[in-house]
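**Q** Under the working numbering, the first residue of the sequence shown is numbered 1, with each subsequent residue one higher.
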Amino acid sequence: MKADQPAAYSLPDVVCFAHLHWDFVWQRPQHLMSRFAQQGRVFYVEDAFYHNDNHVAPHLEIKERQQGLKVVVAHLPDCLRHSAPAADMVQQALLQQYFQEQRITNYLFWYYTPMALGKSGGFAPALTVYDCMDELANFKFAPPELREREQELFRKADLVFTGGHTLYEAKRQQHADAHPFPSSIDKAHFGQARHALSEPADQAGIAHPRIGFFGVVDERLDIELLGQLATAHPEWEFVIIGPVVKIDPATLPDSANIHYLGGKDYQELPTYLAGWDVATLLFADNESTKFISPTKTPEYLAAGRPVVSTPIRDVVRPYGELNLVQIAATADEFGQAIETALTQTQDADWRQRTDEYLATISWDQTWQQMVDLMQARISAQ
């Protein structure tokens with residue numbers, strides 16, 4: 001076998017328990033699970049959908065997605081909405097029946113949320129993986145019992161992966177076999193933005209310079225900073241792409257030079273990025289951002305966009321320290337950094353150093369390294 005070929009693949013069926021909808025924003029779970037699905041069966045189990053009446057009988061909805069991946073959603077009556085133990089028992093029974101129907105007998109469990117432990121009891125996975133992509137307990141509306149459930153998951157897990165180095169430093173104290181896997185990159189996809197692409201209709205009429213952000217618009221976005229920048233720099237147009245969740249849209253700054261274009265499909269993102277002059281990471285400094293490792297950092301860079309970020313630890317290390325991304329803490333500093341970034345595309349040294357760093361990371365490499373660790377654990381049993 002050639003050195004650059006991936007190792008032979010031999011893993012059980014993958015059953016992934018996630019708090020994120022498959023059809024929401026394309027991020028870490030989709031990048032990894034779509035790669036597993038190219039090699040074998042993947043069942044992506046989402047949170048239950050509760051109906052507003054009691055007429056619906058509990059049942060599973062199965063949706064087929066890329067590479068045959070199956071999204072599994074339990075539909076439950078309203079009476080189970082406020083009885084988590086009962087809802088878990090019903091979902092457990094539905095899953096057990098589905099496992100029999102699909103002949104899922106040799107499988108591994110992959111968790112994104114510890115809250116899924118209740119509905120996944122009574123099974124015997126060949127391996128249990130906790131891919132801890134965020135400090136979920138710090139997020140808005142997090143269930144109060146999440147930290148306790150996470151401790152239970154640490155006890156069950158054979159392997160723990162973390163979504164960044166800061167999160168790894170926190171979690172390695174709690175599990176003997178933890179490994180950091182920071183946000184990675186699909187370079188070919190975002191690299192499309194380095195070439196002339198047809199402008200999306202809702203962005204075409206916006207003047208330059210364009211200062212962009214894409215991602216979920218929630219409590220992690222520093223809306224105060226966005227408002228200050230828009231007021232201080234009426235000569236710039238701010239393009240914000242992403243669904244608004246968990247916060248009241250009425251609280252968002254509404255300056256004439258801020259354009260909220262809503263959520264976009266992952267496939268469309270390069271066409272928007274191609275028309276930006278500077279990309280930003282407008283994250284607030286709060287509990288919900290303390291451990292994040294934004295996927296969009298390398299995505300912006302792969303698109304050839306200069307980047308300005310607030311001092312998120314996993315952006316400062318390594319991107320800020322390597323002088324690939326400018327770091328700014330205040331509105332004044334951020335404005336000055338954008339001024340610098342507007343000329344950065346002409347900086348050949350910055351472009352070369354950026355591409356040299358991006359050559360060292362990819363979702364394919366991340367996935368293969370995870371597979372190697374999982375195969376080693378299964379072989380050792």
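Cβ coordinates follow ideal geometry from the N, Cα and C atoms, glycine included.
Examine the Cβ distances between the stretch 10-29 and the stretch 100-109 and report whether three or more of them are shorter than 8 angstroms.
**A** Cβ pair count under 8 angstroms is three or more, so yes.
**Q** Specify the secondary structure class of L31 as computed by DSSP and reduced to three states.
**A** In the sequence as presented, Leu is not what sits at residue 31; that position holds His. If DSSP states are grouped into helix, strand and coil, H31 belongs with the helices.
**Q** Per DSSP, V371 is paired with what?
**A** Answer is none; V371 lacks a bridge partner.
**Q** Between the stretch 293-313 and the stretch 267-281, do at least 3 Cβ pairs fall closer than 8 angstroms?
**A** The stretch 293-313 vs the stretch 267-281: in contact.
**Q** State the DSSP-derived secondary structure class of A302, mapped to helix, strand or coil.
**A** Looking at A302 - three-state DSSP - the assignment turns out to be helix.
**Q** Assess contact between the stretch 224-240 and the stretch 164-172, defined as three or more Cβ pairs (one per stretch) separated by less than 8 angstroms. Is contact present?
**A** Too few Cβ pairs lie closer than 8 angstroms, so no.
**Q** Comparing C-alpha positions only, which one of D265, V371, H259, I247 sits nearest to G212?
**A** Of the candidates D265, V371, H259, I247, the one whose C-alpha sits nearest the C-alpha of G212 is H259.
**Q** Between Q228 and L252, what straight-line distance do the alpha-carbon atoms span, to the nearest angstrom?
**A** Going by the C-alpha atoms only, they are around 12 angstroms apart.
**Q** Please name the residue or residues paired with E237 in a DSSP beta bridge.
**A** R210.
**Q** List the whole-angstrom C-beta distance separating M89 from H19, where the pair is believed to meet the contact cut-off of C-beta under 8 angstroms.
**A** That belief does not hold up - the Cβ atoms of M89 and H19 are roughly 20 angstroms apart, past 8 angstroms.
**Q** Could you tell me the distance, in whole angstroms, from the CA atom of R149 to the CA atom of E299?
**A** When rounded, the distance between both Cα atoms is 33 angstroms.
**Q** Since F154 is in the alpha helix (DSSP H), which residue starts that stretch and which ends it?
**A** Run containing F154: 146-156, per the alpha helix (DSSP H) assignment.
**Q** With respect to the beta strand (DSSP E) encompassing V217, which residues constitute its N-terminal and C-terminal limits?
**A** That residue, V217, is in no beta strand (DSSP E); it is neither H nor E in DSSP.
**Q** For V245 and V216, I'd like the C-alpha separation in whole angstroms.
**A** Cα to Cα, V245 sits roughly 7 angstroms from V216.
**Q** Out of A359, A87, C79, H59, which one is the CA nearest neighbour of N52?
**A** Residue C79 is the option with its Cα nearest to N52.
**Q** Take the Cβ of R103 as the centre, count every other Cβ of all protein chains shown within 10 Å, and call the residue buried at 16 or more, exposed below.
**A** So R103 counts as exposed.
**Q** Rounded to whole angstroms, what is the Cα-Cα separation between E101 and F49?
**A** Each residue's Cα considered, the two are about 22 angstroms apart.
**Q** Out of T343, P144, M374, V25, which has the shortest C-alpha to C-alpha gap to A84?
**A** For A84, the nearest C-alpha among the options comes from P144.
**Q** So the candidates are V45, Q97, R194, L159; which of them puts its Cα closest to the Cα of L269?
**A** Measuring from the Cα of L269, the nearest candidate turns out to be R194.
**Q** Have a look at A196 and G163 and give me their C-alpha separation to the nearest angstrom.
**A** Each residue's Cα considered, the two are about 33 angstroms apart.
**Q** Looking at the structure shown, is G191 part of a helix, part of a strand, or coil, going by DSSP?
**A** DSSP places G191 in helix when its eight states are reduced to three.
**Q** Look up E287 in the DSSP assignment and say whether it is helix, strand or coil.
**A** In this structure, E287 counts as helix in the three-state DSSP scheme.
**Q** Give the range of the beta strand (DSSP E) segment to which I62 is assigned.
**A** Residues 59-64.
**Q** Any Cβ of chain C within less than 8 angstroms of the Cβ of A274?
**A** Any reference to chain C falls outside this structure, which holds one protein chain only.
**Q** Bridge partners for T178 per DSSP, in chain order?
**A** The question names Thr, but residue 178 is Ala in the sequence shown. According to DSSP, which records beta bridges pairwise, A178 is partnered with V160.
**Q** Could you tell me how far apart the beta carbons of M370 and F181 are, in whole angstroms, since I believe they sit closer than 8 angstroms?
**A** Confirmed, Cβ separation roughly 7 angstroms.
**Q** Determine the DSSP secondary structure at H19, reduced to helix, strand or coil.
**A** Three-state result, H19: coil.
**Q** Measuring CB to CB, does Y266 end up less than 8 angstroms from W26?
**A** Going by C-beta atoms, Y266 is nearer than 8 angstroms to W26.
**Q** So what does DSSP say about L108, is it helix, strand or coil?
**A** Looking at L108 - three-state DSSP - the assignment turns out to be strand.
**Q** Taking the alpha helix (DSSP H) that Y272 belongs to, which residues open and close that run?
**A** From DSSP, the alpha helix (DSSP H) with Y272 extends over 269-273.
**Q** Can you look up P6 in the DSSP assignment and give me helix, strand or coil?
**A** Confidence is the limiting factor: at P6 the pLDDT is only 49, short of 50, which leaves the residue's position unreliable, though a coordinate-based value still follows. Of the three classes helix, strand and coil, the one that applies to P6 here is coil, per DSSP.
**Q** For the beta strand (DSSP E) containing G68, list its first residue and its last residue.
**A** Where G68 is concerned, there is no enclosing beta strand (DSSP E), given that its DSSP letter is neither H nor E.
**Q** Who are the Cβ neighbours of D4 in its own chain at under 8 angstroms, not counting the five residues just before and after it?
**A** Note that D4 has pLDDT 45, beneath the 50 cutoff, so the model's placement of it is unreliable and no number is given.
**Q** Which residues bound the alpha helix (DSSP H) around F334?
**A** 331-341 is the span of the alpha helix (DSSP H), which, as asked, contains F334.
**Q** With which residues is A74 paired in a DSSP beta bridge?
**A** In the DSSP output, where bridge partners are listed per residue, A74 has L60.
**Q** Leaving out five residues on either side along the sequence, give the residues of the same chain with a beta carbon under 7 angstroms from the beta carbon of Q67.
**A** S34, A37, Q38.
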